[in-house]
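**Student:** Counting in our numbering, the sequence shown runs from 411 upward without gaps. Quick one: structure below, then a few questions.
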Amino acid sequence: MDERAAARSVADHLVGLGHRRVALLADTVLPEAPPGPLRLAGADAAPHPTTRGRLAGFADALAAVGVDWPDITLVNATGNSRAAGAEAVAGLFAGDDPPTAVLAASDVLALGALDALGERAATVSVTGFDDVAEAAAAGLTTVRQPAEEKGRIAAELLLDPPADDAAGQILLPTELVVRTSTRPVPRS
411 MDERAAARSV
421 ADHLVGLGHR
431 RVALLADTVL
441 PEAPPGPLRL
451 AGADAAPHPT
461 TRGRLAGFAD
471 ALAAVGVDWP
481 DITLVNATGN
491 SRAAGAEAVA
501 GLFAGDDPPT
511 AVLAASDVLA
521 LGALDALGER
531 AATVSVTGFD
541 DVAEAAAAGL
551 TTVRQPAEEK
561 GRIAAELLLD
571 PPADDAAGQI
581 LLPTELVVRT
591 STRPVPRS
C-alpha cells in the first residue's frame, strides 16, 4: 500500500477539522531515544520505511496548510503497544499550548494515547492506522488496510514468485474510516 498517501488521507481529515497543533506519534522513530517528544530533521530521517512513509504523509497534509516540519510535535514511543503509546503522550498536554490532535502511526498507539488522555479525550482528536478490532469499539478514526488480503497475496507471491519483479508489485487500496475520536478544534 502507499503508506504516504494513506497517512495523508487521515491527516487531511484532521486538517479539514481545523487542527494545526498536531502531535505525530510513532513507535521507535529513533530506537535509542526515550519516550516522548523528540526532534528529527524530517520524516525521511526515520529509520523504518513504514514509519518514514506515514510521517511523510502526515507532514504533507500539515505543510499544505502552512504547518512546517519544525512546528510539528513528533512523539517517540518505545514500541508498538498500548502502554508505549500512553507513556509517550503522557506529558504532552500539561503545557499552555497543547496539541489539539494526535496522529498515531498505528491503532495500538492511538488506543494508548486515548488511555493517557482519559477525560481530556473529549476535546483532543486522535487517529490511528490499521483498523484493528479494538478501533471500532473505541470509536477510533483510522486508516483501514486490507491486512488479510496483504497476507494472502504475500503468501501467493512466496509460493509462486512471478518471473518479472514488476508483476510482484501490487498496490492495495486503503480506506479512511471516520469515527467519533475526531472532531473540529474546540473553540477557546
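Ideal Cβ positions, reconstructed from N, Cα and C, are used throughout, including at glycine. Computed from a prediction, not measured in an experiment: that's the story for all the values here.
So Thr599 is in the beta strand (DSSP E); what residue range does that whole segment cover?
**Tutor:** Here the chain has residues from 411 to 598 only, and residue 599 is not among them.
**Student:** Answer yes or no: do Arg418 and Asp470 have a C-beta to C-beta separation smaller than 8 angstroms?
**Tutor:** Yes, Cβ-Cβ distance for Arg418 and Asp470 is below 8 angstroms.
**Student:** Grab me the residues of Thr551's own chain with a C-beta within less than 6 angstroms of its C-beta, minus the 5 sequence neighbours each way, in chain order.
**Tutor:** Contacts found: Thr537, Val588, Arg589, Ser591, Thr592.
**Student:** Using only alpha-carbon positions, find the residue among Gly428, Ala520, His423 that is nearest to Leu434.
**Tutor:** Selected option, being the one with the closest Cα: Ala520.
**Student:** With Val518 as the anchor, note down where its beta strand (DSSP E) starts and where it stops.
**Tutor:** Taken as a continuous stretch (DSSP letters only), Val518 belongs to no beta strand (DSSP E), being part of the alpha helix (DSSP H) at 517-527.
**Student:** Using a threshold of 8 angstroms, state whether the C-beta atoms of Leu448 and Ala456 are closer than that.
**Tutor:** In this structure, Ala456 does not lie closer than 8 angstroms to Leu448 by Cβ.
**Student:** Decide yes or no for the touch test of the segment 485-497 against the segment 569-576: beta carbon pairs closer than 8 angstroms, at least 3 of them.
**Tutor:** Short answer: they don't touch.
**Student:** Less than 8 angstroms between the beta carbons of Lys560 and Leu586, yes or no?
**Tutor:** Taking 8 angstroms as the Cβ cut-off, Lys560 and Leu586 do not qualify as a contacting pair.
**Student:** Based on the DSSP output, what are the partners of Thr552 in its beta bridges?
**Tutor:** Its beta-bridge partners are Val587.
**Student:** Pull up the DSSP beta-bridge partners for Pro447, would you.
**Tutor:** In DSSP, Pro447 forms a bridge with Val485.
**Student:** How about the segment 541-548 and the segment 508-519: do they share at least three Cβ pairs that are nearer than 8 angstroms?
**Tutor:** The segment 541-548 is in contact with the segment 508-519.
**Student:** Using three-state DSSP, classify Leu434 as helix, strand or coil.
**Tutor:** Leu434 falls in the strand class under three-state DSSP.
**Student:** Near Gly463, which residues of its chain fall below 6 angstroms by C-beta distance, leaving aside the five closest residues on each side in sequence?
**Tutor:** Once the five neighbours on either side are set aside, the close Cβ partners of Gly463 are Glu413, Arg414.
**Student:** Among Gly467, Gly428, Ala474, His458, which has the Cα closest to the Cα of Leu440?
**Tutor:** The shortest C-alpha separation from Leu440 is found at His458.
**Student:** Can you tell me where the alpha helix (DSSP H) with Ser419 in it begins and where it stops?
**Tutor:** Start and end: 413-426.
**Student:** Just to confirm my understanding: we take Val425, look at its own chain, exclude 5 residues before and 5 after, and list those with CB closer than 6 angstroms. What are they?
**Tutor:** So the qualifying residues of the chain are Ala471, Val475.
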